[in-house]
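To keep things clear, I will list the structure first and then write my remarks on it.
Numbering (this note's numbering), first residue to last: 158 to 371.
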């Protein structure tokens with residue numbers, strides 16, 4: 158066997174090794190995402206196991222990096238912070254959701270979070286208020302953003318390319334890739350809180366079952 162044959166054989170082995178590596182990466186990381194999104198968008202959740210939240214149409218799914226969220230200390234929450242975990246996102250407009258409304262909804266979401274037990278490590282929660290708002294939110298994670306009459310104002314250049322504002326007064330579910338893909342109406346009164354908490358929990362645990370993300 159001459160030197161050129163040895164080099165050719167070596168290249169062939171490297172190609173096979175690289176192909177095997179790519180397949181392994183697909184199985185470990187990409188396949189779970191594909192399976193989860195098949196569940197979202199091909200109707201698995203809309204069949205026998207219907208989702209409780211409103212699953213946004215694929216063309217309406219926004220990216221978390223389409224918006225700016227600033228903590229009360231002035232630090233911008235980067236897109237990287239939203240990676241690896243699911244999020245419950247609550248953009249609240251105080252002109253249409255007063256203090257009692259805000260407290261009821263943050264309490265409901267937080268109680269749901271606490272009730273997840275060890276699974277709570279896979280999700281975070283974040284309240285979003287208009288910049289300059291003075292509100293009592295307790296220990297619920299808080300951020301500020303610029304609002305329009307619709308909701309959270311989109312950046313001029315968005316990652317999704319949709320340039321759509323995020324409507325306020327919903328509880329959104331965000332996946333670890335930054336996709337805002339499901340939403341729930343705010344809890345209107347205390348009687349409705351247990352039902353909403355159950356809906357949030359059921360959808361989330363079902364999602365955890367389909368995906369290893371987060």
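Cβ atoms here follow ideal geometry from the backbone N, Cα and C, with glycine treated the same way.
Local Cβ density within 10 Å of residue 306, reported as buried at 16 or more and exposed below that = Classification of residue 306: exposed, given that the 10 Å Cβ count is below 16.
Extent of the continuous alpha helix (DSSP H) to which residue 246 belongs | In this chain, residue 246 is not harboured by any alpha helix (DSSP H); it is covered by the beta strand (DSSP E) spanning 243-248.
Looking at the structure shown, is residue 228 part of a helix, part of a strand, or coil, going by DSSP?
-> When secondary structure is reduced to three states using DSSP, residue 228 falls in the strand class.
With a floor of 3 residues, list each beta strand (DSSP E) that falls wholly inside the segment 284-347, ordered by position along the chain.
-> With a minimum length of 3 residues, the unbroken runs of beta strand (DSSP E) contained wholly in the segment 284-347 fall at 299-302, 327-331 and 336-342.
Proximity below 8 Å, CB of residue 233 to CB of residue 225 | Result yes, Cβ atoms of residue 233 and residue 225 sit closer than 8 Å.
Under a three-way DSSP split, which group does residue 211 fall into?
-> Residue 211: strand per DSSP, three-state reduction.
With 16 other Cβ atoms within 10 Å as the buried cut-off, status of residue 229 = The residue in question, residue 229, is exposed, as its Cβ has fewer than 16 Cβ neighbours within 10 Å.
What whole-angstrom Cβ distance do residue 282 and residue 301 have, given they're in contact under 8 Å?
-> With a beta-carbon spacing of about 16 Å, residue 282 and residue 301 fall beyond the 8 Å limit used to define contacts.
For residue 280, name the three-state secondary structure that DSSP assigns.
-> In the structure shown, residue 280 falls within a strand segment according to DSSP collapsed to helix, strand and coil.
Counting only the same chain and skipping the five closest in sequence on each side, list residues whose C-beta sits under 6 Å from that of residue 347.
-> Within the same chain, no Cβ atom closer than 6 Å to the Cβ of residue 347 is found once the five residues on either side in sequence are excluded.
If you draw a straight line from the alpha carbon of residue 341 to that of residue 326, how long is it in whole angstroms?
-> Approximately 9 Å, taken between the alpha carbons.
Cβ neighbour criterion (16 or more within 10 Å) applied to residue 263 = Buried, because 16 or more other Cβ atoms sit within 10 Å of the Cβ of residue 263.
Going by beta carbon distance, what residues of the same chain come within less than 6 Å of residue 360, once the five residues before and after it are set aside?
-> In the same chain as residue 360, and ignoring 5 residues on each side of it, the C-beta atoms closer than 6 Å to its own belong to 208, 209 and 210, in chain order.
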